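Reminder that position 251 of the sequence shown reads as 251 in UniProt numbering, one-by-one numbering, no gaps. Positions of the beta carbon are idealized from the N, C-alpha and C atoms, including for glycine. The structure presented is a predicted model; accordingly, all values stated were derived computationally and were not measured. Data first, discussion second: the structure below is written as structure tokens.
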Amino acid sequence: MFEGKHIQVGAGRYIQCHGALKRAGEEMVFFGKKAYLLYGDDVVKGKSSQVLEESLRKSGITFQSEIFEGPSTEKSFGEVAARVRESGAEIVAGIGGGRIIDIAKAAGDMADASIFTIPTSAATCAAYAVLYVVYGEDGNVDHSGFLNHEISGVIVDMDLVVNDCPRRYFVSGIVDAMAKKPEFSFTMAHLKDEGMIATSEIATKIADFTYSKYMRDTRQALKDFDDGKDSMLIDDMVNMNIMLTGMVSDLSTGGKQLAVAHNFYDAVCCMYKDVRRKYLHGEIVAMALPLQLAVNGRPEAEIEELKAFLREVGIPVSIREAGVPQDGLEELITYVHRVTIPDDMELLEQIRDGFKYIM
């Protein structure tokens, strides 16, 4: 089933706590004495660089840094990797959201450097996943790349991802992670024996656990977040958003992944860039979760329960209200079908019928 491919899961070390950034130097020094820091933007650098860079100095690590706001494309990977090689860095650290973390992973891999990821929001499963998303120069999703070795370390500072990050990002991470369960149920049903490898089955079990916990505990977690309460539940939610969801992606790379909800996101990125600019990645994926449940053949009561949950946490449950025009609907449906299982015409009708739940 694995066809001789190697399997890797996540990171060598995962650190999550308040003040974790102060430990960056003592974690990175195991992998070298020279680092290259990639900050996602000025805001990210402003709230992380002082603590991070002081930690590196204390551990005797020299570093170069840059703010890189370019896209996650092959061209960007090559340009950054060239600068990493020129600097002589043994470590590349990506600090920020999914875009810069994916760039750091790809460029670090190309430069044969150890990779550290430092997310600044709780909506960043990319920090733990061994894959990275590659966009074309046209801004559309092109494909996923896979690292040659796992991430050396993930540093999740709760002072950044919770205390200094808007609630919206916390919610986006939750609803994006929730997609794993229905998407994997769909995958296993369609791939049958081809998808029934042990790692994919375990990934499904983890996704089942996180989905159930999100449905049960998110309301209380958001209350804790709004009240500024440092609760174990908040800690669990961040861990599930980043580590467990990233682990699900990693475990499933031995098989295939079919994902209607994430393919809907890709379609929106391609067809409705104005909508893409208004919403976070997880928010757009979540808009299509009722569609994914419908395609999976789930009962209407379950679909409506999910819609009520999404509405309660602030996710649009109508793509028309989100700005997707009615006149492009058939093209959108066709796109989602084409990038999922294009020769399954029964699936096309299931997707077309399921769209009624997100209109």
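- Checking the DSSP bridge columns, you'll see Leu37 partnered with Ser65, Ala93.
- Going by C-alpha positions, Val162 is about 35 Å away from Leu332.
- Per DSSP, Cys17 is one residue of the beta strand (DSSP E) stretching across 11 to 17.
- A residue is called buried when at least 16 other Cβ atoms come within 10 angstroms of its Cβ; His143 does not meet this threshold and is exposed.
- Each residue's CA atom was taken as its position, placing Gln16 and Asp159 some 10 Å apart.
- With a cutoff of 8 Å on beta-carbon distance, Leu289 and Leu310 are scored as near each other.
- DSSP lists Cys17 as the beta-bridge partner residues of Asp157.
- Proximity to Glu27 across Gln64, Ala81, Ser87, Val92 peaks at Val92, based on C-alpha coordinates.
- His143 is bridged by DSSP to Val134.
- In the DSSP assignment, Ile115 falls outside any alpha helix (DSSP H) and within the unbroken beta strand (DSSP E) covering 114 to 119.
- DSSP, read as helix, strand or coil, puts Ile151 in strand.
- Taking 8 Å as the cut-off, the beta carbon of Arg320 is found closer than this to the beta carbon of Met359.
- Judged by their CB atoms, Ala89 and Lys34 are nearer to each other than the 8 Å cut-off.
- Along the length of the stretch 299 to 344, whole alpha helix (DSSP H) runs at least 4 residues long occupy 300 to 312, 319 to 322, 329 to 338, reported in chain order.
- Sequence-distant Cβ neighbours of Gly136 in its own chain, meaning closer than 8 Å and more than five residues away, are Thr73, Asp142.
- Under DSSP, the beta-bridge partners assigned to Thr73 are Tyr135.
- Check the Cα spacing between Ala207 and each of Ser249, Pro119, Ile315, Gly297: the tightest is with Ser249.
- Annotation: the stretch 158 to 203 contains the following complete segments of the alpha helix (DSSP H) (minimum length 4 residues), in chain order: 158 to 161, 167 to 178, 180 to 191.
- In this structure, the CA atom of Tyr211 is about 14 Å from the CA atom of Gly282.
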